[in-house]
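Student: Here it is, the structure, as structure tokens.
Residue numbers (our numbering): 1 to 336.
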């Protein structure tokens, strides 16, 4: 239904629903003997009605723009970090036209320390495209959403489902884990294959669009709160009685455990430190001031050059640097 939203944290996935029967498979059942299609989704919808988190982008007044902003912010970023920035962003830029009217530098500043700041630039570009191509309104058609700058398949389907109540398969790591365990009986979903994953999840959604959108949100919420990767709470799961993985004894994943990526000492950390100085500045910053941010000159220079290449920083005259479009007198020398 238009204006409704039920997203959750979005994390990049490396799994595939390798064992899941495809829609239309004869005799497709879960281990409780019930048909998979509809049964799982309806149970999750009932659970979601009671246990869904009250997140601001799920409220009707968030609108399609609020949903789109939330989906971009939630990529690889926890809900707790996103929520205050989302409020600030929507208070300042309640419509795409408001963001499009400001320079990219302001979007980067408002992004703060959410991480992966190129998302701020993509949102700014997206807002400009919405204004120039769609009259300032977030488009409802999936093809139009996919054509927006920086909007990939997941985000486009999430906006179509959660902002416009469409029947779209919204597949992230949480959804894939829930389906792999409850239906296929495997602890994880294996390497990702987008087309197969979309088809598998689409086959589990109710036919009615608004209920399908709600089911998509419920799949994601269950994976975020109950059917988690490391500590699933099976006793609290609405699918426990029919979960194939639980009935199989909860077999452990095969292969090595994936370790979290390090942050300390990486180029990503140096980029963040450099960008923090520029965000807090009122104008261009001398290169000598940026030299104080990190002792390794080679790594610092590499990080700064990558920020320039990504369009997050501009080199300006006088061996200075600034956020993009803060100073129109540019130089072509990113090394300063």
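Built from N, CA and C at the ideal position, the CB exists for glycine as well.
This one's a predicted model, so the numbers in the text were calculated from it and none came from an experiment.
Locate the alpha helix (DSSP H) running through residue 138, then write down its first and last residues.
Tutor: It is not in any alpha helix (DSSP H) - residue 138 carries neither H nor E in the DSSP assignment.
Student: Report the CB separation of residue 244 from residue 202 in whole angstroms; it is logged as a contact under 8 Å.
Tutor: Contact doesn't hold; Cβ gap of about 19 Å is too wide.
Student: In three-state terms, what does DSSP make of residue 37?
Tutor: Confidence at residue 37 is low in this model, with a pLDDT of 47, below 50, so its placement is unreliable and the value that follows should be read with caution. Reduced to three states, the DSSP call for residue 37 is helix.
Student: Where does residue 22 fall in DSSP's three states?
Tutor: With a pLDDT of 41 at residue 22, under the threshold of 50, the predicted position of this residue should be treated as unreliable, though the coordinate-derived value follows. Here residue 22 sits in coil by DSSP.
Student: Count the other CB atoms, across all protein chains shown, that sit within 10 Å of the CB of residue 165; report buried if there are 16 or more and exposed otherwise.
Tutor: Flag for residue 165 reads buried.
Student: When you compare the region 101-111 with the region 133-149, are there three or more beta-carbon pairs, one atom per stretch, that lie closer than 8 Å?
Tutor: They do not touch, by the three-pair rule.
Student: The beta strand (DSSP E) that contains residue 320, what's its start and end?
Tutor: Run containing residue 320: 320-322, per the beta strand (DSSP E) assignment.
Student: Under 8 Å, do residue 159 and residue 67 count as touching if we go by C-beta distance?
Tutor: Against a cut-off of 8 Å, the Cβ pair of residue 67 and residue 159 comes out as a contact.
Student: Is residue 325 buried or exposed, if buried means 16 or more other CB atoms sit within 10 Å of its CB?
Tutor: Residue 325 comes out exposed.
Student: Do the CB positions of residue 111 and residue 86 come within less than 8 Å of each other?
Tutor: In this structure, residue 86 does not lie closer than 8 Å to residue 111 by Cβ.
Student: Give the DSSP-derived three-state secondary structure of residue 303 in the structure shown.
Tutor: DSSP places residue 303 in helix when its eight states are reduced to three.
Student: For the region 69-76 against the region 114-131, do three or more pairs of beta-carbon atoms, one drawn from each stretch, fall closer than 8 Å, so that the two count as touching?
Tutor: Result yes; three or more Cβ-Cβ pairs closer than 8 Å.
Student: Taking residue 178 as part of the alpha helix (DSSP H), name the residues at either end of that continuous run.
Tutor: Element bounds for residue 178: 173-179.
Student: Is it buried or exposed, residue 24, if we count other Cβ atoms within 10 angstroms and call 16 or more buried?
Tutor: Here the model assigns residue 24 a pLDDT of 38, short of 50, so the residue's position is not dependable, and the following value carries that caveat. The residue is exposed, with fewer than 16 neighbouring Cβ atoms inside 10 Å.
Student: Measure how close the beta-carbons of residue 209 and residue 167 come, nearest whole angstrom, since I'm counting them as under 8 Å.
Tutor: The pair is a contact, with the Cβ atoms about 4 Å apart (cut-off 8 Å).
Student: Helix, strand or coil, according to DSSP, for residue 60 in the structure here?
Tutor: Helix.
Student: Nearest by alpha-carbon distance to residue 163: which of 65, 265, 310 and 84 is it?
Tutor: Of the listed residues, the one whose Cα sits closest to residue 163 is 65.
Student: Would you kindly work out how many angstroms separate the C-alpha atoms of residue 44 and residue 219, rounded to a whole number?
Tutor: Rounded to the nearest angstrom, the two C-alpha atoms are 7 Å apart.
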